[in-house]
DNA sequence: GTCTATAATTTGATAGAC
DNA sequence: GTCTATCAAATTATAGAC
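Residue numbers (the numbering used here), protein chains in the order written: chain A, 133 to 319; chain B, 133 to 319.
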């Protein structure tokens, strides 16, 4: 059930990530999936609809990943580290997912999608920082600034990794990266 | 001299920044510039050529901006702060320029352009961090990690600003943002 | 549900007059 | 250098048989 649909999404993700949304035509997707145009338009109302489904699916998935971490009973420092570790791992094992979520310019082809930063995964990061301020682990800061400082370095490294600009695996930077992030906001 | 050319570039920047490169046709540029197709193709070999010229121009401009700051005789900490202040100011006064440089997916429409991170402005940030390690101001770190930590937070805030997600002007976050960045890497 | 064939637009780009 | 008119190709999407 929904097997063809899933395959369309998988192929589309691959192509969007590889060549970009606008450099991928429905015919490209059709070809790569070994299907016909008709089959695709039976499952989706159009190319934008495919991107939209993909966006919801992947944001939801990342949300679940982070929520697990945020819910864990531990210090904010430890949780932030696990979150970064998860993000690094995801970027290594499924770069297409990371690329689509992070630097697909959703607003360019999904006019109705909210900016990535107002999406649940990013809200979770914000909430974590606010919680840290509540417990006194994190010093008093505009929460937005705190979240940017705590996770901004990690996100930059992920971008660099996706662009193929890092010589070593992301994981090898984990310790230093988290250390930097924490020093930035620690009380 | 080169007046028409400049106008084409200005209009293209505006439209690219507003709607994205792929949602902007040469006919759109023609219309917005009050010119004809012929005039545009006389000055540029095509749409991609316009984007390329724009890319070179703006990266060069940002490069000059940063180089001025990096050359100033002061501590690495102070210089990094000035750089962030300049970037914030540019993002406020010329968001189209910042948008084009930062989050236009250059590789999608300029296959020959190097990734933005390997471009001179970003190399300067890296060099600044390395210099700080030399003088002992910055603790020993993989330079890439250090640069990501020192400027990652600021870049995130700029992205948020460009997405209209910041309630207050960027400048109001400058002090806290720079403080966070410096704590992350200070020796 | 999947196919082929095709319609309707749009796009990047060229030709040639002025 | 700028214009208008036009082309060729590609793209999204639909129609209708099976």
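The beta carbon of each residue, even a glycine, is placed where N, CA and C say it ideally should be.
| Query | Result |
| --- | --- |
| Within the continuous alpha helix (DSSP H) that includes residue 309 of chain B, where are the two ends? | 306-317 |
| Can you give me the Cβ contacts of residue 323 of chain A inside the same chain, cut-off strictly under 8 Å, excluding the 5 residues immediately before and after it? | Chain A is shown from 133 up to 319; residue 323 of chain A falls before or after that span and cannot be answered. |
| Would you list, in chain order, the members of the stretch 220-235 of chain A that have their beta-carbon closer than 9 Å to a beta-carbon of chain B? | 235 |
| Given a limit of 9 Å on CB to CB distance, which residues of the stretch 265-287 of chain B reach chain A? | 273, 274, 276, 277, 278, 279, 280, 281, 282, 283, 284, 285, 286, 287 |
| Return the chain-ordered ranges of every alpha helix (DSSP H) run that is complete within the stretch 216-284 of chain B and spans a minimum of 4 residues. | 227-235, 238-241, 252-267 |
| The alpha helix (DSSP H) that contains residue 153 of chain B, what's its start and end? | No alpha helix (DSSP H) contains residue 153 of chain B, which DSSP labels as neither H nor E. |
| I'd like the list of long-range same chain contacts for residue 238 of chain A, defined as Cβ closer than 7 Å, with 5 residues on each side in sequence excluded. | 187, 245, 248 |
| What does the Cβ neighbour count give for residue 169 of chain A, buried or exposed, with the cut at 16 atoms within 10 Å? | exposed |
| For residue 302 of chain A, report the span of its alpha helix (DSSP H) as first-last. | First-last for residue 302 of chain A: undefined, no H or E at that position. |
| Can the beta-carbon of residue 140 of chain A be found closer than 7 Å to that of residue 174 of chain A? | no |
| Quick one: list the residues of chain B neighbouring residue 292 of chain A, beta-carbon separation under 8 Å, in chain order. | 249, 276, 280 |
| Beta-carbon separation of residue 310 of chain B and residue 216 of chain B under 7 Å? | yes |
| For residue 271 of chain A, is the beta carbon positioned less than 6 Å from some heavy atom of the ligand ATP? | The ligand content of the structure shown is nil, which means the ligand ATP is not present either. |
| Name, please, each residue of chain A whose Cβ falls closer than 7 Å to the Cβ of residue 317 of chain B. | 312 |
| Taking Cβ positions only, does residue 297 of chain A come closer than 7 Å to chain B? | yes |
| Kindly indicate which residue of A:281, A:218, A:236, A:319 has the alpha-carbon position closest to the one of residue 302 of chain A. | A:218 |
| For the candidate residues A:254, A:236, A:193, whose alpha-carbon lies nearest to that of residue 294 of chain A? | A:236 |
| Under 7 Å Cβ to Cβ from residue 171 of chain B, same chain only, skipping five residues before and after it: list those, please. | 136 |
| Pick helix, strand or coil for residue 295 of chain B, following the three-state DSSP scheme. | coil |
| Report the neighbours of residue 240 of chain A on chain B: residues whose CB is nearer than 9 Å to its CB, in chain order. | 151, 152, 153, 154, 155, 237 |
| Is there a C-beta anywhere in chain B that falls below 7 Å from the one on residue 218 of chain A? | no |
| How many Å lie between residue 182 of chain B and residue 134 of chain B at the Cα? | 14 Å |
| Let me see if you follow: with CB-CB separation under 7 Å, is residue 289 of chain A close to chain B or not? | yes |
| DSSP on residue 205 of chain A, reduced to helix/strand/coil? | coil |
| Anything in chain B within Cβ reach of residue 305 of chain A, meaning under 9 Å, just list it in chain order. | 274, 276, 277, 280 |
| Kindly give me the distance between the Cβ atoms of residue 191 of chain A and residue 252 of chain A, rounded to whole angstroms, as I take these residues to be in contact under 8 Å. | 7 Å |
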